[in-house]
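Counting along the sequence shown from 1, when you hit position 216 you're at 216 in the working numbering, and nothing is skipped either side.
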Amino acid sequence: SKVECYLCIIPGTILAQVYHKYHQQILEMNVRTFLQFKGASNKGIRDTLIGHHPTAAQIRKGDTERAPEPDMFFAYNNGISTTASDVTVVQTENGPVITEIKDWQIVNGGQTTASISAVMGMKDVDKSDISRAYVSMKVSVIKDPNRISEIVPLISRFANTQSAVKKSDFNINEPFLRELEDLSRSEWAKTDTGKPVSKWFFERTRGQYMDQLKRHPTKSAEKEFLAEYPKKQMFDKTMLAKYMMAWYQDPGSVCRGGEQNYGKFYNKLHSAAFHFDANKYYRTIAKAILFKTIDAFYGKDGIQLPGYKSNMVAYTVAALSFLSNKSLDLGRIWKEQFVVSLSVLKDMEKGIDMANVYARLVNGAAHITYKVKETTIGADGKKHNHYVPHILPDEEVQKIKSTALFKIMQFVKNNLEGPLYDHLVKDVYEGMNINEWTKTTGCWEALRVKLNDNVDLKIPIELLSSAGDLDEEITDGQKRKISEASNVSADEWWSINKWAKETYKLTPRETAFLGQMGYRVKRGFDISFKQAKWALDLYEKAKANGWTYEG
1 SKVECYLCII
11 PGTILAQVYH
21 KYHQQILEMN
31 VRTFLQFKGA
41 SNKGIRDTLI
51 GHHPTAAQIR
61 KGDTERAPEP
71 DMFFAYNNGI
81 STTASDVTVV
91 QTENGPVITE
101 IKDWQIVNGG
111 QTTASISAVM
121 GMKDVDKSDI
131 SRAYVSMKVS
141 VIKDPNRISE
151 IVPLISRFAN
161 TQSAVKKSDF
171 NINEPFLREL
181 EDLSRSEWAK
191 TDTGKPVSKW
201 FFERTRGQYM
211 DQLKRHPTKS
221 AEKEFLAEYP
231 KKQMFDKTML
241 AKYMMAWYQD
251 PGSVCRGGEQ
261 NYGKFYNKLH
271 SAAFHFDANK
281 YYRTIAKAIL
291 FKTIDAFYGK
301 DGIQLPGYKS
311 NMVAYTVAAL
321 SFLSNKSLDL
331 GRIWKEQFVV
341 SLSVLKDMEK
351 GIDMANVYAR
361 LVNGAAHITY
371 KVKETTIGAD
381 GKKHNHYVPH
391 ILPDEEVQKI
401 KSTALFKIMQ
411 FVKNNLEGPL
421 YDHLVKDVYE
431 GMNINEWTKT
441 TGCWEALRVK
451 LNDNVDLKIP
461 IELLSSAGDL
471 DEEITDGQKR
481 KISEASNVSA
491 DEWWSINKWA
501 KETYKLTPRE
511 TAFLGQMGYR
521 VKRGFDISFK
531 QAKWALDLYE
541 KAKANGWTYE
551 G
């Protein structure tokens, strides 16, 4: 009663033509864009259509040449699953035929569709031979137009559960993901003089970046795309979740791994009805830059951390967020992406990432070298490429050292890295496995207490922004709670903290949190709604258990 289903056969050439014309629109409800001929399935589709011609290395391993079998495509391939809001079926002498289809979406079989289209676009391919390929197709027509947005994603999810699809491949049409994608296609990162340099590419659907790159017909067009969207400025949903969850002071979630962390990140933003605007986009890219630079600093271009690098990166970002009360000057990090002259930057772009430049300089490198490709014409008249080492000019080095990012990284090196590593690796709770220890909330809670108690861990005020955290939107009721908690004096919070230590009427975690509240109020730091609510609940709990303030 909800869905009409049609089982059909569609010529491969027709399917390829539709995909070529409508491309991403017809895959809007699919979970992935074309992943190129990398996986076994896509290679198998290609080989069925045009045959298999093994390389010399493959022949040595026993691989053999196979002739094309486009007429066997129907038998070899699982086919595609599609949805629509309406179809027109006409009876012909050969049986019923679909002549018109409305709101057509391929929800499973995007790789099949794109692979056939890619083969059709190859040079020296016999199109008439491929015309013998047919594809099985299911069309599910959703009868109630008001339920399309509800039913189609479920069909997509369940139709894809039998293949290796990641959790992060779903929910790609979430508004905040669409907004982020749109901003990444329109917002240029600029020099300090306002000259556009490049954009960051957010990959909303897996494989989207390479798919768009390979759709350019010429090498020069591909080069233009790469100049606008450099590979090192591409990030996907799991990367986004790492940057933001670390900043949201949940490093334990980041340490649990990409897919699990993304699930928690998605639920957090979805439940908060989060929306991206230009300012939030700039701050998000700044978090990406900060995360990548810290990662490089702990790597081979920096201090070469002996282990647990990914854990240290997540906790370092979270610690910076905590110590600054989410008020690091992220706007300045966004604006200072390209302090190096454009001519030098162009020379460097293929030889070294700026994150690695920062890592080397913060670690005390006397100079920065990078390789530049130069092309010469040999005696044989052919072009020869070779790489020549260059040294980054001192004036460019000084520009980098004047940035907020460099000074933040100096703070990490001189004040933060040592205590963090000791906490994660040396002070493991009761002999726990270190990786498991860093996944726990207890690890982060214990670290926050240490960060509060360490007087050396004060971020220079020049690296902070008066704007504070612009990411979290709160209601009027939440604001009232925050105001109520902020109006309790630091001495009152410390009084409860001292009373709890003496009476054991509160848990160690609650006791430590009240000490942090006193610290935040004393320093004028902002308080989140969750912190305010918990603090006020503990305030009432302490009063009910006999605490009184004698200030």
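All C-beta atoms, glycine included, are put in the ideal place defined by N, C-alpha and C.
In three-state DSSP terms, what is Ile527?
coil
For this session: Closer than 6 Å by C-beta to Gln249: which residues in its own chain qualify, once you throw out the five before and the five after it? Chain order, please.
Result: Ala318, Ser321, Phe322
> With a CB to CB cut of under 7 Å and the five nearest residues on each side skipped, what residues in its chain are close to His52?
Replying inline: Glu65, Arg66
Between which residues of its own chain and Leu7 is the CB-CB distance below 7 Å, once the five residues before and five after are set aside?
Lys138
Note down the Cα distance separating Val340 from Val125, rounded to an integer number of angstroms. 47 Å
Candidates Pro460, Ile142, Asn385, His390: closest to Ser324 by CA position: Pro460
- Hey, could you find the ends of the alpha helix (DSSP H) Ser465 is sitting in? Run containing Ser465: none; DSSP gives neither H nor E here.
Query - For Pro86, the first and last residue of its enclosing beta strand (DSSP E) - result: Before going further, note that residue 86 is Asp rather than Pro in the sequence given. Unbroken beta strand (DSSP E) run through Asp86: 86–92.
TODO: Please go through the same chain and pick out, in chain order, the residues whose beta-carbon is closer than 8 Å to the beta-carbon of Val152, but skip the five residues on each side of it.
DONE: Met29, Thr83, Gln105, Val107, Ile142
Exercise. Check each candidate in Ala75, Tyr76, Ile101 and name the one with the smallest Cα separation from Asp86.
Key: Ile101
Q: Decide if the region 276–292 is in contact with the region 173–182; the criterion is three or more beta carbon pairs, one per stretch, under 8 Å apart.
A: yes
At what residues does the beta strand (DSSP E) containing Gly95 begin and finish?
-> 95–102
- Query: Based on the DSSP secondary-structure assignment, which residues constitute the bridge partners of Glu374?
  - Reply: His386
Exercise for review: Go through its chain and collect everything with a Cβ distance to Ser486's Cβ below 7 Å, but skip five positions before and after it.
Suggested key: Val521, Ile527
Determine the contact status of Tyr298 and Leu305, defining contact as a CB-CB distance below 8 Å. yes
Could you compute how far the alpha carbon of Thr369 sits from the alpha carbon of Phe406? 18 Å
Exercise. Report the three-state DSSP secondary structure of Arg256 (helix, strand or coil).
Key: coil
Could you check which residue in Tyr266, Leu15, Ser186, Met245 has the C-alpha nearest to that of Glu228?
Ser186
Looking only at its own chain, which residues have a Cβ that is under 6 Å from the Cβ of Ala272, when we skip the five neighbours before and after it? none
Practice prompt. Go ahead and pull the three-state DSSP assignment for Ile607.
Written response: The structure shown does not extend to residue 607, since the chain is modelled only from 1 through 551, so no value can be given for it.
- Taking the alpha-carbon positions, what's the His270 to Tyr421 distance? 33 Å
(message) One question on the structure: do Ala16 and Met120 come within less than 8 Å of each other, judged by their Cβ atoms?
(response) yes
Tell me the rounded alpha-carbon separation between Thr238 and Arg448. 26 Å
* Asked: For the alpha helix (DSSP H) that contains Pro419, what are its first and last residues?
  -> 417–421
Could you please give me the residues that DSSP links to Ile142 through a beta bridge?
Val3
- Query: Do three or more CB pairs link the region 326–346 to the region 358–368 at distances below 8 Å?
  - Reply: no
Margin query: What would DSSP say about Gln337, mapped onto helix, strand or coil?
Written below: coil
Next item on the list: With distances taken Cα to Cα, identify the nearest neighbour of Met348 among Pro393, Thr55, Ile26.
Entry: Pro393
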